[in-house]
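Residue numbers (this note's numbering): -13 to 742.
Every residue gets a Cβ at the ideal spot worked out from N, C-alpha and C, and that includes glycine.
Working notes, structure below.
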């Protein structure tokens, strides 16, 4: 039977059950039996049989009788279980149970904290079809039940119907095992675990006491959709799936997969799987299919594809999340973060549908463990984006916590095919969550194929991505696909380094040489890259360059530095230095320059981006010239201190060149002998010294010549103080080589002169 036929048959059946249930309820109320209460009442199920004797009494009350009685009661009733004998107790309906048409609390909990083995199992092996429990009235509650075996005719353990009608919604399902045995370790499938066609329902909660185990089912664990009957007026929105184990055993340690989807949001927007508060995230793993399929809504705080610790893979075989339009995956706080790792397909597969939409994927760990410190890769790309729907799509962001960690995947970090209007910002692609440790994807960091266009990789302040340690290129624009090639894809302000291939590769064929006039075609129109030279003076490097490209066009030239050049001789660009605009003349030529303080030995590269957003590959590296500055320091000591008047006082002057690679030339030390002291002698370790006397002041000048990097010299100067008191001596070093740190070029020493 095809999907359309199955759906049509189910719709007809639902209508019939609703009609029967309403008729039954009215008949019971009209009958007004003594066993039925007109106010809120607790009905106690005391037998596992499925008989319907027309009333729920102390002598006999089956689950069927209790539901009928609650439907006929005017209040918000409760159904509890008081069955003699050891638990668990298995109830096997021999036909579909009545639909709930009046709010009711069904509580099979064996303990207040939902611990231990549940006491009540509802098994549908003998029911001949139908849902396990079916609700058309809310708010109702189900707690502490095991429901399994309702696998015929695509039915669910629990069905929440009502075409979004507010009178049908607001239901709560907690602390139940749906699709497993009573221990929660073996599959006893339903078709669906929970199927929702009403609004504002809560499946689970935020504590272990509210957690459901929804596993082992033949179709989705949880499915949310409108009922497709007539005019859909209220939509199945506002539903929350929170804090559950979906597709695993009760301990979250082994796969017990649902099929097709763990969670399926089919159509309505405004539903949420997980949340941004403690305990609200679900474990969604082990699905023979997709972990989550959502055409809209929010997914936050979930572990998708891992065990409960987030350290071991329990794959969803087809991928983590498949999404359409109008959705949020993740958030900027740690509790909103999804860990989407270990899956058999992509971590996230986004295929936008037509129409305006807003898609945001931020703050997630995709391909790593829960700490972001080790690889737990998805079997394909971390994120796949296919197609264009005419809206906006942002992966990451410019604010704190908005970037994703997309690392450790078997494939590229991100794969974009035939997309447009995408922004990739603030992400770590190929690194651990600390932003420094290597955790590369096996393929490229970012890969564009098949006319993926108008994407911004990086860009605005705070939007730069860090793309490093990947097994392919940092960013690849490939010609593969029917649409020729990606164009208008800006790659700006990023840190791209330590990738196995090029930093940026247009056409996926290695370095593409510049052509005169830049008239060639291909990915990003094979935009020419700049040609650079670097000069240095006084500790500042000036990067000068030229660009040949389209005539009379203004280009953005971005500059980058790296400790070393890529083996290809082009790029990569680890540190973004800044940017200038350069406008070509009528012949297509432009020149530019910009000054930067560059670390010694670093290389410089650049990219060019045209007004349409086509960014070039990295330019050939230009080396920052070796530093031409020294770093001299001077020390001054005096002995003895104090010293007796008219005896010798010895000053020891030390000079060191602290620069690790540059020789200081023309090194001179000048010392003015203190007043009331007379010159005795001077002796340098190298060079020569002279004395000059002017107006009673004696100055000693020592020419030490050159000091190699790391070398030192000393001067011994002897004087004789002529009167009691404190005398002060000052010595200064200078050089014909510029000193980059002159603050340590002078020293002063005070000495106390005493009587003999």
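Cα atoms of residue 68 and residue 172: separation of roughly 26 angstroms, rounded to the nearest angstrom. Taking residue 658 as the centre and dropping the five residues before and after it, the same chain places the C-beta of 685 closer than 6 angstroms to its C-beta, in chain order.
Taking all protein chains in view, the Cβ of residue 683 is surrounded by fewer than 16 other Cβ atoms within 10 Å, so the residue is classified as exposed. Distance from the CA atom of residue 574 to the CA atom of residue 508, rounded to whole angstroms, is 19 angstroms.
Under DSSP, the beta-bridge partners assigned to residue 688 are 655, 675. The alpha-carbon separation between residue 404 and residue 344 amounts to approximately 18 angstroms. Cβ-Cβ distances below 7 angstroms link residue 413 to 381, 382, 389, 390, 392, 451 in the same chain, with the five nearest sequence neighbours on each side left out; the list follows chain order.
Each residue's CA atom was taken as its position, placing residue 174 and residue 236 some 14 angstroms apart. At least 7 angstroms separates the beta-carbon of residue 146 from that of residue 88. A direct Cα-Cα distance of roughly 10 angstroms separates residue 352 from residue 289. Here residue 709 is exposed, its C-beta having fewer than 16 other C-beta atoms within 10 Å. Around the beta-carbon of residue 311, 16 or more other beta-carbon atoms lie within 10 Å, marking it buried. Under the rule that a run must span 4 or more residues, no alpha helix (DSSP H) segment is found entirely inside the segment 199 to 271.
Counting other Cβ atoms within 10 Å of its Cβ, residue 254 reaches 16 or more and is therefore classed as buried.
The beta strand (DSSP E) runs of length 3 or more contained entirely in the segment 389 to 471 are, from start to end of the chain, 400 to 403, 408 to 411, 432 to 435, 441 to 444, 452 to 454, 461 to 463. For residue 50, the enclosing alpha helix (DSSP H) starts and ends at 49 to 58. With distances taken between CA atoms, residue 700 lies nearest to 671 out of 581, 725, 671. Relative to residue 374, the option among 357, 359, 407 whose CA is nearest is 407. In this chain, the beta strand (DSSP E) harbouring residue 702 covers 698 to 707.
The beta carbon of residue 735 sits closer than 6 angstroms to those of 622, 624, 715, all from its chain and outside the five residues before and after it, given in chain order. In the three-state scheme derived from DSSP, where H, G and I count as helix and E and B as strand, residue 168 is classed as coil.
Judged by DSSP secondary structure, residue 378 falls within the beta strand (DSSP E) whose first and last residues are 378 to 382. Residue 126 and residue 319 have their C-alpha atoms spaced approximately 33 angstroms apart. Remark: fewer than three beta-carbon pairs, one from each stretch, lie closer than 8 angstroms, so the segment 511 to 528 and the segment 475 to 488 are not flagged as touching.
Residue 371 and residue 399 have their C-alpha atoms spaced approximately 11 angstroms apart.
Excluding residues up to 5 positions away in sequence, 108, 118, 143, 164 lie with their Cβ nearer than 6 angstroms to the Cβ of residue 133 in the same chain. Taking C-alpha positions only, residue 248 is separated from residue 271 by approximately 7 angstroms.
Its chain contains 453, 460, 489, 558, 559 as the residues whose beta carbon lies nearer than 6 angstroms to that of residue 482, once the 5 sequence neighbours on both sides are disregarded; these appear in chain order. Nearest neighbour of residue 322 by Cα position, chosen from 308, 59, 286, turns out to be 286. The shortest CA-to-CA distance from residue 166 to any of 189, 232, 504, 402 is the one to 232. The DSSP-derived three-state label of residue 616 is strand. With respect to residue 644, residue 692 sits apart: the two C-beta atoms are not nearer than 7 angstroms. Listed in chain order, the beta strand (DSSP E) runs fully inside the segment 713 to 741 are 732 to 740, counting runs of at least 3 residues. In this structure residue 114 is exposed. Its beta-carbon is surrounded by fewer than 16 other beta-carbon atoms within 10 angstroms.
Counting C-beta pairs closer than 8 angstroms gives three or more between the segment 323 to 343 and the segment 299 to 309, which meets the contact rule. Put simply, of 34, 596, 493, 56 the residue whose alpha carbon is nearest the alpha carbon of residue 534 is 596.
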